[in-house]
Amino acid sequence: MSNPTNKILIRNLTKSYINGKQNVPVLKGINLDVADTFLTLMGPSGSGKSTFLNILSGIDQADSGEVWIGGKNLSNFTEQELTEYRRNETGIIFQFFHLLPYLSALENVALPLYISGLGKSKAREIAKEALEKVDLTHRFKHKPDELSGGEQQRVAIARALAKRPSIVLADEPTGNLDTYHAHKILELLLELQEKEKFSLFIVTHDREIGEKGKVRLKMKDGLILPEQNPALDLV
0 MSNPTNKILI RNLTKSYING KQNVPVLKGI NLDVADTFLT LMGPSGSGKS
50 TFLNILSGID QADSGEVWIG GKNLSNFTEQ ELTEYRRNET GIIFQFFHLL
100 PYLSALENVA LPLYISGLGK SKAREIAKEA LEKVDLTHRF KHKPDELSGG
150 EQQRVAIARA LAKRPSIVLA DEPTGNLDTY HAHKILELLL ELQEKEKFSL
200 FIVTHDREIG EKGKVRLKMK DGLILPEQNP ALDLV
């Protein structure tokens, strides 16, 4: 049996939302036991992928079930423990870059480090190192509207990695980029994952990206499909 600290272990995970007077189930009893190296998750819109990722990242909490990541049961965490988990152990990358328009690339990467309690000089030092890893040493002082889409996503990746997370969760990280820049961003993420040894979990509509995962998952109607199921129609 593999080491449970190197796994994502999910048991009977459920999540619903209230829409008016309706209770809408989104996750319907997910079970999963996989190595947490490089995972991809594909599925049609509305299948529950982003909700699932938000629970793994500690942004949202399930209604019931267990979520074990790195040997820790997130389901038993207090709100403060979830905050610490989000702040110290996870890096999150979104389709839309969520950079603050009035801050430079360096300041956007350093800001979460200030918030976590690091001093200004130390935070800027770590932010510079993170931007160097994504080949943006020449863009420290540039604001988002002075950067290309690919460069903005590199800043977002640097911001996620600056915390030295144990797991990076990416929700459609190439969805707002053209084919060339999408390919370059995926290459960069895989190169960094190999060097930095973090776990990487990518939610994507892009079949080419989805097929690159060491563990390839498919979701439909709030459930993870068994491996032997045929590929989903992702249109």
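If you count the sequence shown from 1, position 52 lands on 51 in numbering that gives the first Met the number 0, and the numbers rise without skipping.
We put the CB at the ideal spot given by N, CA and C, even for glycine.
Open item on the list: With DSSP as the reference, identify every bridge partner of residue 13, one or two as the case may be.
Closed with: Here the question's residue 13 lines up with position 14 in the sequence shown. Residue 13 is bridged to 27, 63.
- [ ] Provide the residue(s) that pair with residue 215 in DSSP beta bridges, ordered along the chain.
- [x] Position 216 of the sequence shown, counted from the first residue, corresponds to residue 215. 39.
Open item on the list: Starting from residue 202, trace the beta strand (DSSP E) in both directions and tell me its first and last residue.
Closed with: Walking along the sequence shown from the start, residue 202 turns up at place 203. Start and end: 198-202.
Task: Where the beta strand (DSSP E) containing residue 167 begins and where it ends - done: Position 168 of the sequence shown, counted from the start, is the residue given in the question as residue 167. Where residue 167 is concerned, the enclosing beta strand (DSSP E) stretches over 166-170.
TODO: Quickly, what does DSSP pair residue 90 with across the bridge? List them, please.
DONE: Start at 1 with the first residue of the sequence shown, and residue 90 comes out as number 91. Partner(s): 167.
- [ ] Please determine if the segment 158-168 and the segment 194-210 are in contact, where contact requires at least 3 C-beta pairs separated by less than 8 Å.
- [x] yes
Open item on the list: Bridge partners for residue 222 per DSSP, in chain order?
Closed with: Within the sequence shown, numbered from 1, the residue matching residue 222 stands at position 223. 219, per the DSSP bridge assignment.
TODO: Would you mind working out which of 34, 185, 107, 19 sits nearest residue 207, comparing C-alpha positions?
DONE: Position 208 of the sequence shown, counted from the first residue, corresponds to residue 207. Of 34, 185, 107, 19, the residue nearest in Cα terms is 185.
Task: residue 178, buried or exposed, once every other Cβ within 10 Å from all chains shown has been counted against 16 - done: For the purposes of this step, residue 178 is identified with residue 179 of the sequence shown, where counting begins at 1. Burial call: exposed.
Task: beta strand (DSSP E) runs contained entirely in the segment 108-173, provided each spans 3 or more residues - done: 166-170
Open item on the list: Rounding to the nearest angstrom, what Cα-Cα distance links residue 211 and residue 39 in this structure?
Closed with: In the sequence shown, counting from the first residue as 1, residue 211 sits at position 212. In the sequence shown, counting from the first residue as 1, residue 39 sits at position 40. Rounded to whole angstroms, residue 211 to residue 39 spans 8 Å at the Cα level.
Open item on the list: Under DSSP, the alpha helix (DSSP H) around residue 179 begins and ends at which residues?
Closed with: Here the question's residue 179 lines up with position 180 in the sequence shown. Segment 178-195, the alpha helix (DSSP H) holding residue 179.
Task: Own chain residues within Cβ distance below 7 Å of residue 15, not counting five before or after - done: Here residue 15 refers to the residue found at position 16 of the sequence shown. Excluding sequence neighbours, residue 15 sits near 22, 23, 24, 25, 62.
Task: Own chain residues within Cβ distance below 6 Å of residue 224, not counting five before or after - done: Reading the sequence shown from its first residue, position 225 is the one you call residue 224. So the qualifying residues of the chain are 217.
- [ ] Closer than 6 Å by C-beta to residue 232: which residues in its own chain qualify, once you throw out the five before and the five after it? Chain order, please.
- [x] The sequence position of residue 232 within the sequence shown is 233, counting from 1. Low confidence applies here, because residue 232 scores a pLDDT of 41, under 50, leaving its location unreliable and the question unanswered by this model.
Task: Simplified DSSP state of residue 208, which is helix, strand or coil - done: Indexing the sequence shown from 1 puts residue 208 at position 209. Helix.
Open item on the list: Using only the alpha-carbon positions, how far apart do residue 145 and residue 121 sit?
Closed with: Numbered from its first residue, the sequence shown carries residue 145 at position 146. Numbered from its first residue, the sequence shown carries residue 121 at position 122. If you take the alpha carbons of residue 145 and residue 121, they lie about 26 Å apart.
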